[in-house]
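In terms of the working numbering, the sequence shown is residues 2 to 205. Taking it in order: structure first as structure tokens, then the write-up.
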Amino acid sequence: VVVDNFNSVRKNAEGDVSLLTEEQQAWIKTQQMAAKMKPKIKLFPPRNKLGKLAFEWVVNDHKKKQLFEAFIMSCIVLNTIVMAMSYFGQGQHYETALENINYVFAGIFTIEAIIKILGLKVHYFYDNWNVFDFAIVVGTIIGIILLLAANVGLGSVTTLVRTFRVGRILRLIQGAKSLRRLFNTLILTLPGLSNISCLLFLLI
């Protein structure tokens, strides 16, 4: 019945039929326009010296900003490689070394968030990627505190910490234009995917 109705609708629409509602189509058009326009907020450096220095590295100086971002992206790749180096039956010293290296990377990403907050102040939280970074940093710190200080059993807490560490890989999308384009395309297809999923659920 579903297939026959779909075919009849497509025939009446002369082959041009969309699985999106009018509201969903309007949302997609709005997202496409926003992606093309890319409006930017005019930022001003903080008054204190530390904030001005952070502002130079994060916003103002193009070369320093590129070096800063390249360093962070390199740390994300290296951290991913370190996480992939663990294996079943590994020795205690090897496991401890990997954990210590992961703690170093967690410290680097925490310092990065602090520098950006010092330089951007409230505007730091206006960017969705910054909010994503901040959530990962906070989640990682909470997980490490639970593991070290609170003496909570490993299991779920270890899984939580690893989940936040793996989440940093998504930061690479921000640095690569081709990945960012694919990611934006995926977001635009979410309404259609949800509709198709509901249709498949109905069939099942």
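Cβ atoms here follow ideal geometry from the backbone N, Cα and C, with glycine treated the same way.
### Through-space distance from T22 to L173, alpha-carbon basis
33 Å
### Message
Please classify N286 as buried or exposed, where buried requires at least 16 neighbouring CB atoms within 10 angstroms.
### Response
For the chain, the structure presents residues 2 to 205; residue 286 sits outside this window and is missing.
### Query
Mind checking A150: buried by the 16 CB within 10 Å criterion, or exposed?
It is exposed - the Cβ of A150 has fewer than 16 other Cβ atoms within 10 Å.
### Segment limits, alpha helix (DSSP H) that includes M38
That run of the alpha helix (DSSP H) goes E23 to M38.
### Query
By Cβ distance below 7 Å, which residues in the same chain neighbour N185 in space, the five residues on each side in sequence not counted?
A36
### Message
For K117 and F135, what's the separation of their Cα atoms in angstroms?
### Response
10 Å
### Task
Return helix, strand or coil for G92, following the three-state DSSP convention.
coil
### Query
In terms of alpha-carbon separation, which member of L187, I197 and Y88 lies closest to I29?
Of all alpha-carbon atoms in L187, I197 and Y88, the one lying nearest the alpha-carbon of I29 is that of L187.
#### Entry: Contact the stretch 103 to 116 vs the stretch 129 to 149: 3+ CB pairs below 8 Å
yes
### Query
Cα separation between S87 and E100?
10 Å
### Query
In its own chain, which residues sit with a C-beta less than 7 Å from the C-beta of F106, not counting the 5 before and 5 after it?
C76 and N80
### Message
As an exercise, report each continuous alpha helix (DSSP H) stretch of at least 4 residues that is fully enclosed by the stretch 100 to 134, in chain order.
### Response
none
### Task
Taking V2 and L203 to be in contact with their CB atoms under 8 Å, please state how far apart those CB atoms are, rounded to whole angstroms.
Not a contact, Cβ separation roughly 10 Å.
### Query
According to the Cβ coordinates, are V83 and N103 closer than 9 Å?
The answer is yes: Cβ separation under 9 Å.
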